[in-house]
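Enquirer: Encoded as structure tokens, here's the structure I'll be asking about.
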Amino acid sequence: MESNQNINLEDIKSTKLELTRFMMYYKFALAELNTKIDILKQEFQYVHDYNPIEHIKSRLKTPESILKKVRRKGYEFSLPSIKENIRDIAGIRITCSFITDIYKLSEMLQTQSDIKVIECKDYIKKPKPNGYKSLHLILQVPIFMSDRVEEIYVEVQIRTIAMDFWASLEHKIYYKYDKDIPGRLKSELKEAADAIYQLDKKMENIHIQTNQIKEKIDYNDVTQEIFINNERFYLPYEFLTQYLDSEKKSSS
Ligand code: GTP
Ligand code: MG
Numbered sequence: 008m009e010s011n012q013n014i015n016l017e018d019i020k021s022t023k024l025e026l027t028r029f030m031m032y033y034k035f036a037l038a039e040l041n042t043k044i045d046i047l048k049q050e051f052q053y054v055h056d057y058n059p060i061e062h063i064k065s066r067l068k069t070p071e072s073i074l075k076k077v078r079r080k081g082y083e084f085s086l087p088s089i090k091e092n093i094r095d096i097a098g099i100r101i102t103c104s105f106i107t108d109i110y111k112l113s114e115m116l117q118t119q120s121d122i123k124v125i126e127c128k129d130y131i132k133k134p135k136p137n138g139y140k141s142l143h144l145i146l147q148v149p150i151f152m153s154d155r156v157e158e159i160y161v162e163v164q165i166r167t168i169a170m171d172f173w174a175s176l177e178h179k180i181y182y183k184y185d186k187d188i189p190g191r192l193k194s195e196l197k198e199a200a201d202a203i204y205q206l207d208k209k210m211e212n213i214h215i216q217t218n219q220i221k222e223k224i225d226y227n228d229v230t231q232e233i234f235i236n237n238e239r240f241y242l243p244y245e246f247l248t249q250y251l252d253s254e255k256k257s258s259s
């Protein structure tokens with residue numbers, strides 16, 4: 008479909024300007040969503056004393072792969088059609104430590120009042136036949152410009168570190184074999200995906216048990232210290248129990 012027809016230089020300039028403006032919406036959408044995710048991350052860290060997010064990566068689809076996808080899917084080639092049909096021009100991938108974090112995070116994003124949830128594909132509950140697991144959200148976020156508001160689609164993929172490891176390896180193999188993975192490798196990949204799921208569950212279990220121990224230690228910390236003018240003093244446990252005993256006696 009390459010053509011050598013002479014295009015007017017002015018047309019090229021104005022098309023580039025229009026396309027740049029179009030792509031900027033997606034850049035803004037990524038910035039907006041990244042801020043939202045970062046706020047959730049910091050707040051979660053503060054409230055729950057641990058970080059549910061391991062890593063965040065965002066990317067803009069290149070004009071080249073937008074063109075490829077439009078052709079592959081047979082969409083009309085116009086900016087309104089691209090805007091409506093290609094919903095992964097802005098993409099964010101979040102890796103979490105544990106499966107429950109994926110759902111917590113997804114819920115926190117979905118309930119934000121300015122975010123519209125267009126689609127939620129749960130490939131964790133229902134993995135792809137090859138074993139692929141991930142939670143995919145198609146969201147729409149409003150971008151406030153000087154003279155109008157644009158609703159922009161963003162694809163968010165949330166998965167565990169282990170699932171991410173699997174997906175990047177599978178992706179490499181898929182392209183190495185030009186999308187036709189030999190049967191033996193396919194079944195090994197599927198086995199690896201299942202093993203990864205078991206590992207994710209095991210790690211989460213260990214994490215839950217560690218948290219329970221930590222709660223006990225925290226309890227000791229709280230009961231065994233006292234702050235006087237910001238200075239920390241050790242408070243023997245007997246001090247508390249004897250004091251509480253004497254209080255009880257005097258009140259009865
Ligand atoms: P696209 O048209 O390619 O965007 O796919 P779709 O509309 O069917 O959406 P889906 O949610 O299935 O996939 C979207 C994205 O998830 C892909 O572009 C990949 O980044 C990722 N993905 C989906 N399936 C697989 C898979 O089997 N392996 C790997 N490695 N990534 C996948
Ligand atoms: Mg895609």
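Read in order, the letters of the sequence shown correspond to residues 8 to 259 in my numbering.
Every residue, glycine too, gets a C-beta built ideally from N, C-alpha and C.
Compare the C-alpha of Leu112 against each of Asn41, Ser21, Asn227 and name the closest.
Expert: For the purposes of this step, residue 112 is identified with residue 105 of the sequence shown, where counting begins at 1. Ranking the options by Cα distance to Leu112, first place goes to Asn41.
Enquirer: Which of the three DSSP states, helix, strand or coil, is assigned to Leu250?
Expert: Within the sequence shown, the letter at position 243 stands for residue 250. The residue you asked about is not Leu; residue 250 is Tyr in the sequence shown. In the structure shown, Tyr250 sits in a helix (DSSP, three-state: H, G or I).
Enquirer: Looking at Ile63: is its Cβ nearer than 8 Å to the Cβ of Ile93?
Expert: Within the sequence shown, numbered from 1, the residue matching residue 63 stands at position 56. Within the sequence shown, numbered from 1, the residue matching residue 93 stands at position 86. The answer is no: Cβ separation not under 8 Å.
Enquirer: Along the beta strand (DSSP E) that carries Lys128, what are the first and last residues, could you check?
Expert: Numbered from 1 along the sequence shown, position 121 holds the residue referred to as residue 128. Run containing Lys128: 123-129, per the beta strand (DSSP E) assignment.
Enquirer: Check whether the Cβ atoms of Ala36 and Val148 lie closer than 8 Å to each other.
Expert: Within the sequence shown, numbered from 1, the residue matching residue 36 stands at position 29. Within the sequence shown, numbered from 1, the residue matching residue 148 stands at position 141. The beta carbons of Ala36 and Val148 sit closer together than 8 Å.
Enquirer: Just the C-alpha distance for His122 and Leu146, rounded to the nearest angstrom, thanks.
Expert: As a working mapping, residue 122 is identified with position 115 in the sequence shown. As a working mapping, residue 146 is identified with position 139 in the sequence shown. The sequence shown places Ile at residue 122, not His. When rounded, the distance between both Cα atoms is 7 Å.
Enquirer: Tell me the rounded alpha-carbon separation between Ile131 and Phe172.
Expert: By 1-based counting over the sequence shown, the position of residue 131 is 124. By 1-based counting over the sequence shown, the position of residue 172 is 165. About 15 Å.
Enquirer: Leu196 by DSSP, collapsed to three states: which one?
Expert: Taking the first residue of the sequence shown as 1, we reach residue 196 at position 189. Residue state, collapsed to three classes: helix.
Enquirer: Can the beta-carbon of Lys43 be found less than 8 Å from the beta-carbon of Gln117?
Expert: If you number the sequence shown from 1, residue 43 lands on position 36. If you number the sequence shown from 1, residue 117 lands on position 110. Contact: no.
Enquirer: Within the present structure, is the beta-carbon of Asp129 separated from the nearest heavy atom of the ligand GTP by less than 7 Å?
Expert: Counted from its first residue, the sequence shown places residue 129 at position 122. Checking every heavy atom of the ligand GTP against the Cβ of Asp129, none is found closer than 7 Å.
Enquirer: Considering just the uninterrupted stretch of the beta strand (DSSP E) at Arg28, what are its terminal residues?
Expert: Here residue 28 refers to the residue found at position 21 when the sequence shown is read from its first residue. Taken as a continuous stretch (DSSP letters only), Arg28 belongs to no beta strand (DSSP E), being part of the alpha helix (DSSP H) at 16-55.
Enquirer: Check Thr69 in the structure and name its three-state DSSP category.
Expert: Position 62 of the sequence shown, counted from the first residue, corresponds to residue 69. In this structure, Thr69 counts as coil in the three-state DSSP scheme.
Enquirer: With which residues is Thr102 paired in a DSSP beta bridge?
Expert: Along the sequence shown, read from residue 1 onward, the residue named residue 102 stands at position 95. Residue pairing for Thr102: DSSP places it in a beta bridge opposite His62, Arg166.
Enquirer: How big is the Cα-Cα spacing for Ile260 and Ala200?
Expert: Residue 260 is absent from the structure shown; the chain starts at 8 and stops at 259.
Enquirer: Please name the residue, chosen from Asn227, Ile106, Leu176, Tyr250, that lies closest to Met210 on a Cα-to-Cα basis.
Expert: On the sequence shown, position 203 is the one that residue 210 refers to. Closest option to Met210, Cα to Cα, is Ile106.
Enquirer: What residue from Ser104, Ile150, Val77 has the CA that sits closest to His3's CA?
Expert: The chain is shown only over 8 to 259; residue 3 falls outside these bounds and no answer can be derived.
Enquirer: Relative to the C-alpha of Leu74, which candidate in Phe84, Leu26, Ile224 has its C-alpha closest?
Expert: For the purposes of this step, residue 74 is taken as the residue at position 67 of the sequence shown. Residue Phe84 is the option with its Cα nearest to Leu74.
Enquirer: Leaving out five residues before and five after Ile125 in sequence, what residues of the same chain have Cβ atoms less than 6 Å from its Cβ?
Expert: Stepping through the sequence shown from its first residue, residue 125 is reached at position 118. Here the set comprises Ile145, Gln147.
Enquirer: Quick one, are the C-beta atoms of Ile150 and Glu157 less than 8 Å apart?
Expert: Position 143 of the sequence shown, counted from the first residue, corresponds to residue 150. Position 150 of the sequence shown, counted from the first residue, corresponds to residue 157. Going by C-beta atoms, Ile150 is nearer than 8 Å to Glu157.
Enquirer: Compute the Euclidean distance between the alpha carbons of Ile19 and Ile168, then round it to the nearest angstrom.
Expert: Working through the sequence shown from its first residue, we reach residue 19 at position 12. Working through the sequence shown from its first residue, we reach residue 168 at position 161. Taking the straight line from one Cα to the other gives about 43 Å.
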